[in-house]
Amino acid sequence: MVLSRRQLLRFGTAGSAALLVGTSAVGSARFAAPRWRGDDPFSLGVASGDPTPDGVVLWTRLAPDPFAPDGLGGTAQAPVTVDYEVADDEHFRQVVARGSAVATRDFAHSVHPEVRGLAPDRWYFYRFRAGSAISPVGRTRTAPAPGSPTARMRFAFASCQAWHSGYFTAYEHLSAEDLDLVVHLGDYIYEQVWMLGRIGATMDRQFWNESVDLRGYRLRYAQNKAEAPLRAAHAAFPWLVTMDDHEVDNNWAGDTPGLGIDIHRIPVLYRRRRAAAFRAMYEHQPLRIAQLPSGPDMRLHRRYRFGDLAEITMLDTRQYRTEQACGDGNLVDDCPERFAADRTILGARQRDWLLDGFADSPARWQILGNQVAMAQSDYDPGPGISVGTDSWDGYVADRNAVLGAAADRGARNLVVLTGDRHENYAADLRADYARPESPVVATEFTGTSITTGGDGADLTARGRALLAANPDLKFFNGQRGYVRVDLDHGLWRSEFRVVPYVRQPGAPVTTRAEFVVRDGVPGAVAAWQPEPGVDPTSGPEAAAQSGPGPR
């Protein structure tokens, strides 16, 4: 049985609906857990997310056989009551909250209890119990109270983790960082496999086929979450998540299918595919009931404030956009269509909501969790302009509206966090790229992939072309890793943390470069000058997935 969000709310009381989606247990009824027979029902780990000053959402999924061919994780059809505890200490001597949620087959036996009544700006520990089985312990943190003096915040952002491309070594290092939060900008899974880049690894044949239905997407999430480094990173910090294209279909755009299987370009099949992808995402991420999909629709744009220091606005640049201009998003040299006033990457309602937030926020730093590159990315070092239209370069009117409003409405210290490109960038953002003299109004930091593209290289030929063609681009690096951020009221610091290889496990991590933004002064400044790059050594997979086109 697959129910839409509207159908769930019609099921009966709001409490009954919450029970069905695994957010709470209503009344005294309990559903016994099966005998696990030595299998670990918590094989996919635990997670928390979307922190507020008084609580978080917790997540786990019962999956004693996570790769069961039906995608249901090897759990029986019957509901299971899952208990949770939240404590001040990791030994659970001082439990401050406890409750139950019901894991049902409809949502792959996942649960998303929303814990309230916690103290602001505090670390907590949590765990789950299902029958005799106890989950690993997770650690989470609430946000500072709105407007409260907040001296410092530390977080990391990451994206693009294709299992087939390499090992998740970067998450081993990220989970050991001193952070308050992790922001994930999309491509948490990949719907298809290009080639197996993991040295010494094999992959079951069920993962070679492109995912187009609920079973397939569930298996993709299980494949990634079975990786110990990713589970460790989820257990160490609360996360804020959004999606990009590969959670559904390569380069999909609103109501337009992407570049996947042709039959799923039929509108009714595409909507069914999108609904399946959204449901699987909800089932496997620490998301609140407000993000519960309704068929092929899912609200992912939302805001979180952290005292008087920062506000993070998570964007959705896929679900409401118009189709890419001049083709499928690949490089174009002459495309007047990308300047059309009616082209949108955000949709009118999300754009208005974003712009209104600029004027209303008292935060020192305005942060956008964004999927595709906002800065102009010209790939032609000569007099011409060659850009990809899957990014904000294909939606110039929306870019001008957002960056213009940031200046006009007094958005203080706007910093955009971006994924998608599988490369590290630091760039200034201008109010209007058609006028090179227009002011710098914001800063964009683009983070590389966790694995996608294979090992990568420091400075590639494409990187040299980008640096030569884009004077606002301050830094390029094509290795794998994540970005660590440290900010206070006066200074933002981004550190590009990279690993030298991912096709084999065990890589060390280093800081490749550091860039800062000063309060009231938009634009990135190198904290220290990185050493010169090396010649590209990327393999065939990286070449096949390079550039701003299909990935």
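Take the position in the sequence shown, starting the count at 1, then add 25; the result is the number in the numbering used here.
Idealized CB from N, CA, C, for every residue including glycine.
All values reported here derive from a predicted model rather than from experimental measurement.
Using DSSP bridges, identify the partner residues of residue i.
i	result
GLY503	ALA482
HIS209	ALA183 and VAL266
ASP511	ARG179 and ARG518
LEU69	Note: LEU69 sits in no beta bridge, so no partner.
PRO135	The sequence given here has Ser at residue 135, not Pro. Per DSSP, ARG86.
GLN391	GLU336 and LEU439
ASP322	SER319
THR48	None, per the DSSP bridge assignment.
ARG152	GLU110
ILE159	ARG154
ARG328	THR338
ASP453	THR468
ARG601	This structure does not reach residue 601, given that the chain is present from 26 up to 576, and the question cannot be answered.
PHE92	PHE92 pairs with nothing; no bridge assigned.
So for residue i, helix, strand or coil by DSSP?
i	result
ALA128	strand
VAL534	coil
PRO547	strand
TYR644	For the chain, the structure presents residues 26 to 576; residue 644 sits outside this window and is missing.
TYR307	helix
PRO254	helix
ARG446	coil
ALA431	helix
GLU469	strand
TRP378	helix
LEU239	helix
ARG528	coil
LEU491	helix
TRP553	strand
GLY80	strand
Go ahead and label residue i buried or exposed: buried means 16 or more other beta carbons lie within 10 angstroms of its beta carbon, across all protein chains shown.
i	result
ASN581	As displayed, the chain neither begins before 26 nor continues past 576, which places residue 581 out of reach and without an answer.
LEU210	buried
ARG141	exposed
THR129	buried
SER411	buried
GLY515	exposed
GLY545	exposed
ILE224	exposed
PRO533	exposed
THR48	buried
PRO292	exposed
ASP75	buried
Whose C-beta lies closer than 6 Å to the C-beta of residue i among residues of the same chain, with five residues either side of it excluded?
i	result
THR477	CYS185, ALA187, SER190 and HIS447
ARG123	GLU110
ALA88	SER68, LEU69 and GLY98
HIS580	Within the shown structure, residues of the chain are numbered from 26 to 576, placing residue 580 beyond reach of any answer.
GLY80	VAL140, ARG141 and LEU143
THR281	GLU348
ARG298	VAL237 and HIS289
ARG363	ALA350, THR414, GLY419 and VAL421
Identify, in the order they occur along the chain, each residue of the same chain with its Cβ nearer than 7 Å to the Cβ of residue i, setting aside the five sequence neighbours on each side.
i	result
VAL218	HIS189, PHE232 and TRP233
MET258	In the sequence on display, residue 258 carries Ala and not Met. Answer for ALA258: TYR196, LEU199, SER200 and VAL207, listed in chain order.
GLN375	HIS326, ASP341 and TYR345
ALA155	ALA58, PRO66, LEU87, VAL105 and VAL107
GLN102	ARG130
Sorted by chain position, which residues of the same chain lie with C-beta nearer than 8 Å to residue i's C-beta, five sequence neighbours on each side aside?
i	result
ALA39	Any reading at ALA39 must be qualified, since the residue scores a pLDDT of 39, below 50, and its modelled position is unreliable; the value itself is stated next. Once the five neighbours on either side are set aside, ALA39 has no close Cβ partner at all.
GLY409	ASP358
PRO286	Reading the sequence as shown, one finds Ile at residue 286 and not Pro. Answer for ILE286: GLU235 and VAL237, listed in chain order.
GLY435	PHE383 and ALA384
Can residue i be considered in contact with the ligand NAD, in the sense that its beta carbon sits closer than 7 Å to one or more heavy atoms?
i	result
TRP553	Inclusion of the ligand NAD in the displayed structure is not the case, the ligand content being empty and no account of it being possible.
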